[in-house]
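> Take the sequence shown: its position 57, counted from the start at 1, is 78 in the numbering used here, and no numbers get skipped.
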Amino acid sequence: MRNKLTRLLMLSIVLFSFTSCEVVGGIFKAGMGVGIFIVIAIIALVIFVGAKMFGKK
Numbered sequence: 022m023r024n025k026l027t028r029l030l031m032l033s034i035v036l037f038s039f040t041s042c043e044v045v046g047g048i049f050k051a052g053m054g055v056g057i058f059i060v061i062a063i064i065a066l067v068i069f070v071g072a073k074m075f076g077k078k
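Next comes the structure, spelled out in structure tokens:
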């Protein structure tokens, strides 16, 4: 349980270390298509990590 809590805390720190303005600004600089791809990739990564952390063993 403690290991899962540590992983969740580390994931939260990484996610909140980026300010939302920096992320949105970078997405618009890169272009709409690339921005959509990045957002989908990040959502998929978060779901994958969450499934690995809280999934059945």
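We put the CB at the ideal spot given by N, CA and C, even for glycine. Just so you know, these numbers come straight off a predicted model, no measurement behind them.
Beta-carbon within less than 8 Å of Ile34's beta-carbon, same chain only, minus the 5 sequence neighbours each way: which residues are those?
none
> Given a cut-off of 8 Å, decide if Met74 and Leu30 are closer than it, judged by their beta-carbon atoms.
no
> Straight-line CA distance for Ile59 to Gly76?
The straight-line gap from Cα to Cα measures roughly 25 Å.
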